[in-house]
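**Q**
Residue numbers (the working numbering), protein chains in the order written: chain A, 62 to 325; chain B, 11 to 461.
And the structure:
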């Protein structure tokens, strides 16, 4: 497993090229091209804002202002998380040719999905900044230092899950459909469209078992709530969980590696 | 010094059978059978302990039937899979021409695909940049290199894939039948490139069905059969052994198609077939009874009919070796033997033989009347031998009509296309008629090598 991890470092040039290819190929042929990376999160945000401020304004506590920003702080990282996982569930099957015909480290494929998602996430950040400026939200400079840390933890967690999902899908094709539904449930089980404090005590205990809860809360803390960052213990716990998930995911992937070329 | 060493290599493929098709993760979780379902319910051993060495700088060919384990072996050497038992060791950088352009992305340009493909094959960015022009020149894609790959023709696609793979400049080049897909000029280009590789002392491992290529190109050959190394060594000898085995196999399957499982083939033992073929009609000497559409090459329009005052009880074809056979060389001396039994004394009779090709064209037909024979008497048992001094047929599969009939053509026993044989020829002539011939030249024409 360690040697596999080491060889991954050797393939970093390949990974970065594949991520670039993914991004280029994605918008090739569209009129707006890479601008879609900005428009997509913006449209998503407008839809959610419309629903929660115009259609059902009573669904969230009034002290959460501006609510659009609160939503965005959670939805942007969630989109990265869920699209990466969905993509990794099919990436080994669509890339089956590579695994079967070329000596190719299969784990590169889900990792590329996650990293491409990260790049899209970063494309969404300017919009976030624009909102912060527009609403004149006071951001604590020290909070911003925590932002990359949270992103890194999410990256580790997502990569671990992506490895697990991609390898399992090769053996059980229905992981993909299962995953799509699971992610919907997961979305609502994460305080993204509602604040954690709004959940009843019993439910909150359950939500706290969800690692993404802590990531979402951390993002909201940095971007939305005034005052210094106060989620260190949560963040440390979810960091440990992320590393464990990554190791488990990589271990499972490594164990299934030899069967991948035959099963794809 | 060996470039490739394979030691007692086994490869077992696991098959997850029918149960798996319907079993889903959900149902596996519900019944708690996740681990059981991950276990295979059938195994297939593709390689059963294969060992060989390829010395550095040699060109090594692997031949064998489909499914003999050739490609599996190649994949293990390429590192795409791991042997179940045993070891494969390769010295130096490997490049595998298994599927050209695997991993090209259709939406992005040829240029970007070259870079990514090169990285996949283990080159660094700088190495690719240095070889880029050479790759594009070899692929003859100078004009199109910045167009998306999805606009390429399949030939362009393959040329580019080949150009990248070959310019990885490997120490060991693995080639799996890629030459079969290109056009003539591409194939020549590949062969030239291989020759250049040899000159530079690189090792090539070739998996192919083109036996000609192996004899011409390889220093050594390995014949794999059902996962076992059947022969290894001088390519000519290995190929001959392989060809003999293929011929033996064909002979056997032809004998099975003729009905006789083993032993002296073509003999129809037990009670003779009743008229099951085309209905008995008043057929003249010309017995083209409009055979039904051939469902199977070995069963086309066959049948047996006749009044059975005399019967052909068995038919054998004897080759030059004196043995009953179904496979002959073009030009071989062949005897067609008819075992005949008369159920009553007959004075009006003739024997006939016809040879048909698979399209149903009569290549040759004659009978004792045509050849000027005058019937005397047929009684009891007898043997008719139709001896052909030189079976001058072009390569192909043929069928035999044999008959004993009256002078006016009314059959006693007519066997229509019941016997199949195959003719092999080192020459790939075409047509149906092979006259003994030679070429002569005079004036300013000089051609050598004609036999």
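Cβ atoms here follow ideal geometry from the backbone N, Cα and C, with glycine treated the same way.
Small disclaimer: the values here were computed from a predicted structure and weren't measured.
How big is the Cα-Cα spacing for residue 197 of chain A and residue 313 of chain A?
**A** About 47 angstroms.
**Q** Is the Cβ-Cβ distance between residue 363 of chain B and residue 404 of chain B less than 8 angstroms?
**A** It is not a contact, given that the beta carbons lie outside the stated cut-off.
**Q** Within its chain, find whatever has a CB closer than 6 angstroms to the CB of residue 305 of chain B; leave out the 5 residues flanking it on each side and keep chain order.
**A** The pLDDT assigned to residue 305 of chain B is 35, lower than 50, so where the model puts this residue is not dependable, and the model offers no usable value.
**Q** Which parts of the segment 91-118 of chain B are runs of the alpha helix (DSSP H), unbroken and 4 residues or longer, counting only runs that do not cross its ends?
**A** You should have found no qualifying run.
**Q** Going by DSSP, which residues form a beta bridge with residue 23 of chain B?
**A** Per DSSP, B:54.
**Q** Along the chain, where does the alpha helix (DSSP H) that runs through residue 468 of chain B open and close?
**A** Examination of residue 468 of chain B is not possible in this model, given that chain B is present from 11 through 461 alone.
**Q** Would the segment 180-200 of chain A count as touching the segment 157-167 of chain A if we require 3 or more Cβ pairs under 8 angstroms?
**A** Not touching, per the Cβ criterion.
**Q** Just the Cα atoms here: how many angstroms apart are residue 396 of chain B and residue 263 of chain B?
**A** One C-alpha to the other measures close to 25 angstroms.
**Q** Among A:120, A:88, A:76, A:324, which has the Cα closest to the Cα of residue 231 of chain A?
**A** Of the candidates A:120, A:88, A:76, A:324, the one whose C-alpha sits nearest the C-alpha of residue 231 of chain A is A:324.
**Q** Could you check whether residue 150 of chain A and residue 270 of chain A sit closer than 8 angstroms to each other, using their CB atoms as the reference points?
**A** Their beta carbons are not under 8 angstroms apart, which means residue 270 of chain A does not touch residue 150 of chain A by this criterion.
**Q** Cβ of residue 72 of chain B less than 8 angstroms from any chain A Cβ?
**A** Not an interface residue.
**Q** For the beta strand (DSSP E) that contains residue 328 of chain B, what are its first and last residues?
**A** Taken as a continuous stretch (DSSP letters only), the beta strand (DSSP E) holding residue 328 of chain B covers 320-328.
**Q** DSSP three-state label for residue 145 of chain A, please.
**A** Reduced to three states, the DSSP call for residue 145 of chain A is helix.
**Q** Per DSSP, residue 246 of chain B forms a beta bridge with which residues?
**A** Answer is none; residue 246 of chain B lacks a bridge partner.
**Q** Is the beta carbon of residue 151 of chain B less than 8 angstroms from the beta carbon of residue 166 of chain B?
**A** Going by C-beta atoms, residue 151 of chain B is nearer than 8 angstroms to residue 166 of chain B.
**Q** For the ligand COA, I want to know if residue 410 of chain B counts as a neighbour, meaning its beta carbon is within less than 7 angstroms of at least one of the ligand's heavy atoms.
**A** Here there are no bound small molecules, and the ligand COA is not part of this structure.
**Q** Given that residue 327 of chain A touches chain B, what residues does it touch there, using C-beta distances under 7 angstroms?
**A** Examination of residue 327 of chain A is not possible in this model, given that chain A is present from 62 through 325 alone.
**Q** Okay, do the segment 66-79 of chain B and the segment 223-239 of chain B touch, 3+ Cβ pairs below 8 angstroms being the bar?
**A** Flag = yes, the segment 66-79 of chain B and the segment 223-239 of chain B touch.
**Q** Please list, in chain order, the chain A residues whose beta carbon lies closer than 7 angstroms to that of residue 112 of chain B.
**A** Under the 7 angstroms cutoff, chain A gives 158, 159, 162, 163.
**Q** Mind pulling the alpha helix (DSSP H) runs of 4 or more residues that sit fully within the segment 167-251 of chain A?
**A** 169-195, 202-232, 236-249, all fully within the segment 167-251 of chain A.
**Q** Rounded to a whole number of angstroms, what is the C-alpha to C-alpha distance between residue 71 of chain A and residue 457 of chain B?
**A** Rounded to whole angstroms, residue 71 of chain A to residue 457 of chain B spans 58 angstroms at the Cα level.
**Q** Report buried or exposed for residue 246 of chain B, applying the criterion of at least 16 other Cβ atoms within 10 angstroms of its Cβ.
**A** So residue 246 of chain B counts as exposed.
**Q** Would you tell me roughly how many angstroms separate the C-alpha atoms of residue 139 of chain B and residue 316 of chain A, rounded to the nearest one?
**A** Taking the straight line joining both Cα atoms gives about 36 angstroms.
**Q** How big is the Cα-Cα spacing for residue 177 of chain B and residue 77 of chain A?
**A** Whole-angstrom Cα-Cα distance: 22 angstroms.
**Q** Can you name the start and end residues of the alpha helix (DSSP H) that residue 124 of chain B belongs to?
**A** Taken as a continuous stretch (DSSP letters only), the alpha helix (DSSP H) holding residue 124 of chain B covers 120-130.
**Q** Would you call residue 444 of chain B buried or exposed, if buried means 16 or more other Cβ atoms sit within 10 Å of its Cβ?
**A** Label assigned to residue 444 of chain B: buried.
**Q** May I ask which residues mark the beginning and end of the alpha helix (DSSP H) holding residue 275 of chain A?
**A** That run of the alpha helix (DSSP H) goes 272-284.
**Q** Please state if the CB of residue 58 of chain B and the CB of residue 20 of chain B are separated by a distance shorter than 8 angstroms.
**A** Cβ atoms of residue 20 of chain B and residue 58 of chain B: closer than 8 angstroms.
**Q** Look at the Cβ atom of residue 335 of chain B, then the Cβ atom of residue 261 of chain B, and state whether they are nearer than 8 angstroms.
**A** In this structure, residue 261 of chain B lies closer than 8 angstroms to residue 335 of chain B by Cβ.
**Q** Which chain A residues are close to residue 134 of chain B, counting only those with a beta carbon under 9 angstroms from its beta carbon?
**A** Simply 74.
**Q** Got a sec: which bits of the segment 114-125 of chain B sit with their beta carbon under 7 angstroms from any beta carbon on chain A, in order along the chain?
**A** Under the 7 angstroms Cβ criterion, the segment 114-125 of chain B contributes 115, 117, 118, 122, 125.
**Q** In terms of residues, what are the limits of the beta strand (DSSP E) holding residue 361 of chain B?
**A** Start and end: 360-367.
**Q** Hey, quick one: how far does the alpha helix (DSSP H) through residue 315 of chain B stretch, first residue to last?
**A** Not the alpha helix (DSSP H): residue 315 of chain B falls in the beta strand (DSSP E), residues 313-315.
**Q** Does residue 229 of chain B come out as helix, strand or coil in the three-state DSSP assignment?
**A** Three-state DSSP puts residue 229 of chain B in coil, outside helix and strand.
**Q** Within 10 angstroms of the Cβ of residue 426 of chain B, are there 16 or more other Cβ atoms? Answer buried if so, exposed if not.
**A** It is buried - the Cβ of residue 426 of chain B has at least 16 other Cβ atoms within 10 Å.
**Q** Specify the secondary structure class of residue 430 of chain B as computed by DSSP and reduced to three states.
**A** Residue 430 of chain B falls in the strand class under three-state DSSP.
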